[in-house]
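Numbering (my numbering), first residue to last: 47 to 143.
Every residue, glycine too, gets a C-beta built ideally from N, C-alpha and C.
Notes follow the structure.
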């Protein structure tokens, strides 16, 4: 939070040609930065690890239940494609076409 106003002081000093101008620019930058920090509510408590883990587990279970039929339909085809790919690689290694 303090770094941007400090940079503004340095930039104001170099660009505007004096310490008072740099301090004025730094102060002008610090006021909205402080307001953002205060109004941003960074201090609000988020979910605990246990709450996050519980929510995540419920979401995973819901996803499994929702997509189980599609996964069961897709698995045999995925196995066939994997087997074909493996057989092609084996033939290439042996020098066959």
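Enumerate in chain order the residues of its own chain whose CB-to-CB distance from residue i is below 7 Å, with the five nearest sequence positions on each side excluded.
i          : result
residue 75 : 50, 51 and 54
How far does the alpha helix (DSSP H) with residue i in it reach, from first residue to last?
i           : result
residue 78  : 65 to 85
residue 145 : Because the chain spans 47 through 143 in this model, residue 145 falls outside it and cannot be assessed.
Sorted by chain position, which residues of the same chain lie with C-beta nearer than 6 Å to residue i's C-beta, five sequence neighbours on each side aside?
i           : result
residue 161 : Nothing in the structure corresponds to residue 161, since the chain is present only between 47 and 143.
Within its chain, find whatever has a CB closer than 8 Å to the CB of residue i; leave out the 5 residues flanking it on each side and keep chain order.
i           : result
residue 96  : none
residue 107 : none
* Contact between the stretch 48 to 56 and the stretch 67 to 74: three or more CB pairs below 8 Å? -> yes
* Tell me the start and end of each unbroken beta strand (DSSP E) in the stretch 94 to 136 that is at least 3 residues and wholly inside, in chain order. => none
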